[in-house]
Structures are given as C-alpha cells and as structure tokens.
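In the working numbering, the protein residues as written are 963 to 1260.
The next block holds one structure in the form of structure tokens; read it before the comments.
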C-alpha cells in the first residue's frame, strides 16, 4: 500500500484520552508512518521505557527498503518489505537503518495483559520477534487502514480503541498460523537453494531464511528439526563433500576447487577440509596422484 506524502507522521496518539496505567487489558500507545533516508536510527531497546508501563510492546512493519534487527545473542538480520518485528520494551534487542538505505515503515505501540497474550502467540508462530506476512496480507491492510483512521479521527479512549487493536492482533496471529509447518516444501526449497549457492561465498543463512519466508531464528530451529544439524553445518558438509569429489575425480587445481565450493580464502578452506576429512586438500590430491601412478601388474 502506498501513502500520500502528507500522511507521513513520525507519531500520532491512538486515542485522545491518555488511559490510566494498567487499568485496561489493552493500553493504546502511539502509531507512526516513517520514510527515513537521512535520519540516524540506532535503537538499543534495553533502555527504552514508557512511563512505567509494563508490559509494553512495539510492532514495526516494513513497507519498503529494510532495517537491520538483532535479538539477544543472535546475528544481525534484515527486516525487508512484508516483514516486521514485535518486541517488548525494554528488551535485549536492537534495530537500526543502514546509512545508504531508505526505510519506510509503519509502527505501533501498545501494552497490557491482553496484548501480552497475543505477543506470546505471535512469537510462537513466527519462531521469534521477526515475522513474515504472505502476499496480499489482510493484517497488513488492516494496519494501514488503522493508521489512516487515526489521522482522520483518533479513538476517543482506550475502550473504543481496544476492539480494532484486538482485531488486528487476532488477524496477525491467524495469518502466521496459516503456514502449515508440517509441510516440508520449505525444507526442500532450502536444500535446493543451498545446492545452487555452493559457489557463492556471499550467500548467508539469513538470505536462506528470508527466501523460504521464515524468520532467522525460526528457520534455524525448524531446519535443525528436519536435518538434525544447523543450516550452517549442513552447508559446510555439502561444500566439503563437493570439494572431495572435485579433488578425487578431476584435475582442477586446488585453488579453483576452493572457489567452486564458496571459499574466498585458502586458509579457511584448508582448515575446514582438514577438520572434516583429517587431511589437507593438497595432501589428498598428492596421495591420489601417487596411487594412480603405481604401475599395475600386467
């Protein structure tokens, strides 16, 4: 959905009256629509508090471009168009906008015990804070419509706002639950993409998770349940097996073998190969050459 230029506001209240703290199951906060290409965004969410409200939550949804996001102890991942994140404030999370990227997003804050229930459900279904909505998502449409409604006529109070907010959260949870995780089509697609990108040193597990429509953390867990190893372990195993075949069955130089299995640095390739097979790639090639040159009895 595209918005007219005049609709971009960094923050607008969801309701005209400020609700009493913890007096309702849902405590509306604010909502905003931003398109940032110059303003520095670098949020360490460990230190973000909202007037003593606990629990309090922030949902950000990317309409265009992307931001970078990190959960506690995890890698930085990109949250692109059609993806969002839902976090508690404060929490061990971080997000920011890379300097050369334009990021357009809708965001909304709310709190209360009813919201906590929905957040728990959404996190379970998405596998973490980051979620991905299907194309033509009704949840995305409802979020956009809610923002336009607030600009025209904010809700009178928290009671009036509760119905539409609950409806949106229900829709979001429903759409995330419609993805049948027992269907292994995503897993086969992941395996195909790993095969196709063996020679690509820039291909990351974050790219793979995004390609199959999972959040990074959910993808790691789901893949390990299916394969018995993490995606990175599987990729290394695949690359080592391919390298072994090339060294064994061809006369391709070791350096070219290294490049064909996605390694840019010889030391990294040698170390990985030695850990996997207990022998250096050059030693394997030499051993095979010596073996083939032994004179066979007539």
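For each residue, glycine too, the CB sits at the ideal point set by N, CA and C.
| query | Got a sec: is the Cβ-Cβ distance from residue 1216 to anything in chain D below 9 angstroms? | reply | Within the model displayed, chain D is absent; a lone protein chain is all it includes.
| Separation of residue 1223 from residue 1204, as counted between CA atoms | 7 angstroms
| task | Return the CA-CA distance between residue 1097 and residue 1044, expressed in angstroms with no decimal places. | result | 8 angstroms
| field | Secondary structure of residue 1024, DSSP reduced to three states | value | strand
| said: I need the DSSP call for residue 1214, collapsed to helix, strand or coil. | reply: coil
| said: Using CA atoms only, rank isn't needed, just tell me which of 1099, 1168 and 1008 is closest to residue 1055. | reply: 1008
| query | From this set, 1246, 1053, 1192 and 1001, which residue's C-alpha is nearest residue 1034's C-alpha? | reply | 1053
| request: Would you mind stating whether residue 1018 and residue 1071 have Cβ atoms separated by less than 9 angstroms? | output: yes
| Taking the continuous alpha helix (DSSP H) assigned at residue 1126, which residues delimit it? | 1120 to 1139
| query | residue 1184 and residue 1074: beta carbons closer than 9 angstroms? | reply | no
| request: Kindly indicate the opening and closing residues of the alpha helix (DSSP H) around residue 1178. | output: 1178 to 1189
| said: I believe residue 1178 touches residue 1036 by the beta-carbon criterion, under 8 angstroms. Please report the beta-carbon distance rounded to the nearest angstrom. | reply: 7 angstroms
| query | Do residue 1209 and residue 1246 come within 9 angstroms of each other at the CB atom, strictly closer than that value? | reply | yes
| request: Keeping to the same chain, check which residues put their C-beta closer than 8 angstroms to that of residue 1217; ignore five residues upstream and five downstream. | output: 1228
| request: State the start and end residues of the unbroken alpha helix (DSSP H) segment that holds residue 1100. | output: 1100 to 1114
| residue 1032 by DSSP, collapsed to three states: which one? | strand
| task | Using three-state DSSP, classify residue 984 as helix, strand or coil. | result | Only weak support exists for where residue 984 lies, its pLDDT of 46 falling under 50; the coordinates are left without a value.
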